Amino acid sequence: MNSVVYPGTFDPVTNGHCDLILRAARLFDRVVVAVAADTAKAPAFSTEERVELVRQVAQDRSNVEVVSFTGLLVTFARQLGIN
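Following my numbering, the residues of the sequence shown are numbered contiguously, the last one being 95.
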């Protein structure tokens with residue numbers, strides 16, 4: 013399976029984010045949008061709100077997963093089995 017992780021804070025999710033998510037969904041079998049929960053930034057939206065906003069963008073794409081993560085991105089990607 014051809015998979016990719018798209019990490020970010022998505023605070024807020026922008027048209028540019030949406031464009032990249034939808035383009036990736038056409039190119040990859042599995043797209044994991046990883047919303048960073050532990051960021052040094054002071055986000056305007058909570059982690060749960062940011063996850064929900066991104067989910068609304070990708071609701072028509074069955075191959076897009078939206079999840080939050082903490083810690084190192086490389087560790088998270090390994091947990092998902094994505095190289």
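From the three backbone atoms N, C-alpha and C, an ideal C-beta is built for every residue, glycine too. Keep in mind that this is a model prediction, so the values were computed, not measured.
Environment of residue i [buried if 16+ CB atoms lie within 10 Å]
i, result
"Val63", "buried"
"Asp50", "exposed"
"Ala70", "buried"
"Asp23", "buried"
"Val1", "Lying before the first or after the last residue shown, residue 1 is absent from the chain, which here runs from 13 to 95."
"Thr26", "exposed"
Nearest-angstrom Cα separation, counted from residue j out to residue i
i, j, result
"Cys30", "Val66", "8 Å"
Three-state class that DSSP yields for residue i in the structure shown
i, result
"Phe57", "coil"
"Ala48", "strand"
"Val63", "helix"
Residue(s) in a DSSP beta bridge with residue i
i, result
"Gly20", "Val47"
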